[in-house]
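Trainee:
Residue numbers (this note's numbering): 54 to 647.
Encoded structure:
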């Protein structure tokens, strides 16, 4: 029987002490005993420790099997230490690139002209602030026709941001100097006849996980509130090249989670008593409040769609691999996406057209055209709707009424709607690998103790616990993810666009209302189904949230138009037609709280 490790170590020390006292070396020990003692003394992980650790993985091995595993496990500890000595820059992604494509996916690679709506006829109002809620299409026409200078528009939006920010709490850093420099440059170029397009001279704001040289990039966290990243994010460069004017770094929930950041909570301009939702909290709040012409947000699991819904904006979550994430904080290399938060669908198309292109820095982005056609005949589209989601229990009467009205409106516009249901899919939160990827992204910072300075002191727990997800299970989860992708594509791939009610950022249905008097209703069976928002996120599909009415409280509600991979053009075309026909986006918060 093998000597227990603790007894073996004691014996080894006694032998060494004895032989040393009489002036003899350890080589006089019996060879087998000496080798065993040397091997055991070098082991930091023992069989008993391994047995305890296995409880974390749900695995069981015999004493003999564990003993045979020890050498490799202890060698791995040394390899981990060597690995952790290597500094890995935040911009380095693992060379394992996720693609949402599955066999049989058809892509439109033929580039066509960008066909915008006819330019509106606009006239500068006596009070320039009256254009604060105008869409980009109208603001651009003011600038193009030289009725308004970019400097004037920029000064107006900066003034509004500073006026309303004390209550909205949507700004981390004002960028006055940069904004005025870019606005003056835009005016000079336009005066000289070098008009770059509809974003030229238009003020915007970016979520503060996106790097801008010369300005802090705080990630919404007290641990990084002084962090300077001297990288120009690709999306910032692309919008600068389009002539847009960056006026502020807007708030994000800490480390792109929720609407709470180190400066407090970002608020909803429709009701200051509630947050703006997250994590693209600032871009949504500021856009809805008429404090920027548009914002750029990011989404990993609802962070564009959720705050856009809460604040009554129109927000586009693109297909995974459409927009470069270079220069943006990473939560998940296989789920993170950047997209526009605007006032109208066509505004989203205009901004998306400027940023949906490769940059050779984010290798997940593929080179596909965005063939926007505002005059597309939407009656030729094959449109489905997720029938079960419209009948989901626990939804308020306001949501049920507004969502049903969407279907009725589309039918009145000549759209033939096909009901469909999703297949049963495995219900596992490991399929996205979200926790593991986040833990890898933040590993160096967590090991350096940065989580002690997090605004939310529990935020680092998930990063730490993800270390105990076995690599084999992580990869098995990715294989299950591929199974889900294929099954999902089999169902939704037949539609150009499909429609689903908005759930929430995590894809869970809203909680049911409190039970009335009497016996409680029977519990809902757990079932194996993931919600459609979880699935669409997991599989990389595009979606746009569009206002579809208001609750009895006066709060905006929304509907989501979704569609095939890389088919944003047709998804947006149907959403635009619906938006133009209903006009819910034209109502704005009162803004009487300054």
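No residue lacks a Cβ here, since even glycine has one placed at the ideal position from N, Cα and C.
Can the beta-carbon of residue 371 be found closer than 8 Å to that of residue 337?
Mentor: In the chain shown, counting from the first residue as 1, residue 371 sits at position 318. In the chain shown, counting from the first residue as 1, residue 337 sits at position 284. Contact: no.
Trainee: Between the region 222 to 232 and the region 294 to 301, can you find at least three pairs of beta-carbon atoms closer than 8 Å?
Mentor: As far as the Cβ criterion goes, the region 294 to 301 touches the region 222 to 232, which means the pair count is three or higher.
Trainee: Check residue 193 in the structure and name its three-state DSSP category.
Mentor: Residue numbering aside, residue 193 sits at position 140 when the chain shown is read from its first letter. Residue state, collapsed to three classes: helix.
Trainee: Between residue 210 and residue 256, is the Cβ-Cβ spacing less than 8 Å?
Mentor: The residue given as residue 210 occupies position 157 in the chain shown. The residue given as residue 256 occupies position 203 in the chain shown. For residue 210 and residue 256, yes; Cβs fall inside 8 Å.
Trainee: Expressed to the nearest angstrom, what Euclidean distance is found between the alpha-carbon atoms of residue 567 and residue 318?
Mentor: Working through the chain shown from its first residue, we reach residue 567 at position 514. Working through the chain shown from its first residue, we reach residue 318 at position 265. Per-residue confidence for residue 567 stands at a pLDDT of 37, beneath the threshold of 50, marking its modelled position as unreliable; the derived number appears in the next sentence. Each residue's Cα considered, the two are about 27 Å apart.
Trainee: Is the distance from the Cβ of residue 362 to the Cβ of residue 396 below 8 Å?
Mentor: Translated into positions along the chain shown, residue 362 becomes position 309. Translated into positions along the chain shown, residue 396 becomes position 343. It is not a contact, given that the beta carbons lie outside the stated cut-off.
Trainee: Which partner residues does residue 395 have in the DSSP bridge list?
Mentor: In the chain shown, residue 395 corresponds to position 342, counting from 1. Answer is 367.
Trainee: Please report the distance separating the alpha-carbon of residue 305 from that of residue 258.
Mentor: Within the chain shown, numbered from 1, the residue matching residue 305 stands at position 252. Within the chain shown, numbered from 1, the residue matching residue 258 stands at position 205. Rounded to whole angstroms, residue 305 to residue 258 spans 12 Å at the Cα level.
Trainee: Along the chain, which unbroken stretches of the beta strand (DSSP E) at least 3 residues long are found entirely within the region 583 to 629?
Mentor: DSSP runs (the beta strand (DSSP E)) wholly in the region 583 to 629: 596 to 603 and 609 to 616.
Trainee: Identify whether residue 423 lies in helix, strand or coil by the three-state DSSP scheme.
Mentor: Within the chain shown, residue 423 is the residue found at index 370, counting from 1. In the structure shown, residue 423 sits in coil (DSSP, three-state: anything other than H, G, I, E or B).
Trainee: Taking residue 327 and residue 315 to be in contact with their CB atoms under 8 Å, please state how far apart those CB atoms are, rounded to whole angstroms.
Mentor: Position 274 of the chain shown, counted from the first residue, corresponds to residue 327. Position 262 of the chain shown, counted from the first residue, corresponds to residue 315. With a Cβ gap of about 20 Å, residue 327 and residue 315 do not count as contacting.
Trainee: Going along the chain, which residues of its own chain have a beta-carbon closer than 8 Å to the beta-carbon of residue 572, five neighbours each way excluded?
Mentor: Looking up residue 572 in the chain shown gives position 519. Confidence at residue 572 is low in this model, with a pLDDT of 42, below 50, so its placement is unreliable and no value can be given for it.
Trainee: What residues in its chain sit with their C-beta under 6 Å from that of residue 384, if we drop five residues either side in the sequence?
Mentor: In the chain shown, the residue the question calls residue 384 occupies position 331. Correct list, in chain order: 309, 353 and 491.
Trainee: Residues in the same chain with beta-carbon distance under 6 Å from residue 186, minus the five sequence neighbours each way, listed in chain order, please.
Mentor: To locate residue 186, count along the chain shown from 1; it is residue 133. 343 and 641, listed in sequence order.
Trainee: Entirely within the region 253 to 305 and at least 4 residues each: give me those alpha helix (DSSP H) ranges in chain order.
Mentor: Listed in chain order, the complete alpha helix (DSSP H) runs (minimum 4 residues) inside the region 253 to 305 are 287 to 294.
Trainee: Are there three or more Cβ pairs, one per stretch, closer than 8 Å when the region 279 to 293 is compared with the region 510 to 517?
Mentor: No, the region 279 to 293 is not in contact with the region 510 to 517.
Trainee: Classify residue 356: buried if its beta carbon has 16 or more other beta carbons within 10 angstroms, exposed otherwise.
Mentor: Position 303 of the chain shown, counted from the first residue, corresponds to residue 356. Buried is the call here.
Trainee: If you draw a straight line from the alpha carbon of residue 647 to that of residue 184, how long is it in whole angstroms?
Mentor: Mapped onto the chain shown, residue 647 falls at position 594. Mapped onto the chain shown, residue 184 falls at position 131. Cα to Cα, the separation comes out at about 18 Å.
Trainee: Looking at the unbroken beta strand (DSSP E) that takes in residue 340, where does it start and where does it end?
Mentor: Position 287 of the chain shown, counted from the start, is the residue given in the question as residue 340. Premise fails: residue 340 lies in the alpha helix (DSSP H), 334 to 341, not in any beta strand (DSSP E).
Trainee: To the nearest angstrom, report how far apart residue 575 and residue 610 are at their CA atoms.
Mentor: By 1-based counting over the chain shown, the position of residue 575 is 522. By 1-based counting over the chain shown, the position of residue 610 is 557. Any reading at residue 575 needs caution, since the residue's pLDDT is 37, under 50, leaving its predicted position unreliable; the model's value is listed next. One C-alpha to the other measures close to 29 Å.
Trainee: Going by CA-CA distance only, name the one from 202, 97 and 489 that's closest to residue 238.
Mentor: In the chain shown, residue 238 corresponds to position 185, counting from 1. Residue 238 has its Cα closest to that of 202, out of 202, 97 and 489.
Trainee: Do you know how far the Cα of residue 155 is from the Cα of residue 542?
Mentor: To locate residue 542, count along the chain shown from 1; it is residue 489. To locate residue 155, count along the chain shown from 1; it is residue 102. In a straight line, the C-alpha of residue 542 is about 8 Å away from that of residue 155.
Trainee: Could you round the C-beta distance between residue 271 and residue 264 to whole angstroms and report it? I think they count as a contact, below 8 Å.
Mentor: Looking up residue 271 in the chain shown gives position 218. Looking up residue 264 in the chain shown gives position 211. The Cβ separation is near 11 Å, so there is no contact.
Trainee: Going along the chain, which unbroken runs of the alpha helix (DSSP H) with 4 or more residues stay wholly within the region 462 to 547?
Mentor: Here the runs fully enclosed are 487 to 500, 513 to 518 and 524 to 545.
Trainee: Taking the C-alpha atoms as reference points, what is the distance between residue 629 and residue 426?
Mentor: Position 576 of the chain shown holds residue 629. Position 373 of the chain shown holds residue 426. Rounded to whole angstroms, residue 629 to residue 426 spans 11 Å at the Cα level.
Trainee: How far does the beta strand (DSSP E) with residue 116 in it reach, from first residue to last?
Mentor: Reading the chain shown from its first residue, position 63 is the one you call residue 116. Here residue 116 belongs to no beta strand (DSSP E); instead the alpha helix (DSSP H) covers 116 to 137.
Trainee: Quick check on this structure: which residue in 234, 124 and 544 has the alpha carbon closest to the alpha carbon of residue 99?
Mentor: Start at 1 with the first residue of the chain shown, and residue 99 comes out as number 46. For the residues 234, 124 and 544, the minimum Cα distance to residue 99 belongs to 124.
Trainee: How would you write the range of the beta strand (DSSP E) that residue 351 sits in, first residue to last?
Mentor: As a working note, residue 351 is residue 298 in the chain shown. Residues 347 to 352.
Trainee: Residue 622 and residue 455 - do their beta-carbons sit closer together than 8 Å?
Mentor: As a working mapping, residue 455 is identified with position 402 in the chain shown. As a working mapping, residue 622 is identified with position 569 in the chain shown. No, Cβ-Cβ distance for residue 455 and residue 622 is not below 8 Å.
Trainee: Looking at the structure shown, is residue 168 part of a helix, part of a strand, or coil, going by DSSP?
Mentor: By 1-based counting over the chain shown, the position of residue 168 is 115. Correct three-state label for residue 168: strand.
Trainee: Taking the alpha helix (DSSP H) that residue 186 falls in, what are its first and last residues?
Mentor: Indexing the chain shown from 1 puts residue 186 at position 133. From DSSP, residue 186 is part of no alpha helix (DSSP H); its letter is neither H nor E.
Trainee: How many angstroms separate the CA atom of residue 540 from the CA atom of residue 293?
Mentor: Indexing the chain shown from 1 puts residue 540 at position 487. Indexing the chain shown from 1 puts residue 293 at position 240. Answer to the nearest angstrom: the Cα atoms are 40 Å apart.
Trainee: Which two residues bound the contiguous alpha helix (DSSP H) that contains residue 552?
Mentor: Within the chain shown, residue 552 is the residue found at index 499, counting from 1. Segment 550 to 554 is the beta strand (DSSP E) holding residue 552; no alpha helix (DSSP H) there.
Trainee: Going by Cα to Cα distance, which pick from 382, 551, 499 and 392 is closest to residue 463?
Mentor: Taking the chain shown and counting its residues from 1, one reaches residue 463 at position 410. Per the Cα distances, 551.
Trainee: So the alpha helix (DSSP H) residue 204 belongs to, where does it begin and stop?
Mentor: The residue you call residue 204 lines up with position 151 of the chain shown. Residue 204 -> alpha helix (DSSP H) spans 203 to 221.
Trainee: Count Cβ pairs between the region 464 to 481 and the region 241 to 250 that sit closer than 8 Å; are there 3 or more?
Mentor: No, they do not touch.
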